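**Q** For the sequence shown, position 50 matches number 64 in my numbering, and the numbering has no gaps at all.
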Amino acid sequence: MSRGLKSEYADKLCEVLKLPKEISLALQEFPHKTWDKLVPTDPVIYRLYEIVGVYGDTIKT
15 MSRGLKSEYA
25 DKLCEVLKLP
35 KEISLALQEF
45 PHKTWDKLVP
55 TDPVIYRLYE
65 IVGVYGDTIK
75 T
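Rendered as structure tokens:
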């Protein structure tokens with residue numbers, strides 16, 4: 015079972031927005047929730063990363 019956009023919706027969206035077929039195929043893929051970097055380099059993202067690292071267990075409970 016794919017968690018991406020259904021093909022008919024992806025095709026219709028690309029038709030309306032005049033996007034190439036490759037975009038429709040990309041919209042149908044499973045979205046990954048990871049990034050390649052171990053520690054983010056953007057200052058804002060790093061601060062959020064740091065907050066989750068410090069307070070993650072507290073927020074989770």
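Using N, Cα and C, we set each Cβ at its ideal position, and we do this for glycine too.
Quick caveat: nothing in here was measured; it's all calculated off a predicted structure.
Verify whether the separation of the beta carbon atoms of V53 and Y60 is less than 9 angstroms.
**A** Their beta carbons are under 9 angstroms apart, which means V53 touches Y60 by this criterion.
**Q** Quick check on this structure: which residue in V58, P57, R17 has the alpha carbon closest to the alpha carbon of L41?
**A** The candidate whose alpha carbon is nearest that of L41 is R17.
**Q** By the three-class DSSP mapping on this structure, what secondary structure does E29 have?
**A** The three-state reading of DSSP puts E29 in helix, counting H, G and I together.
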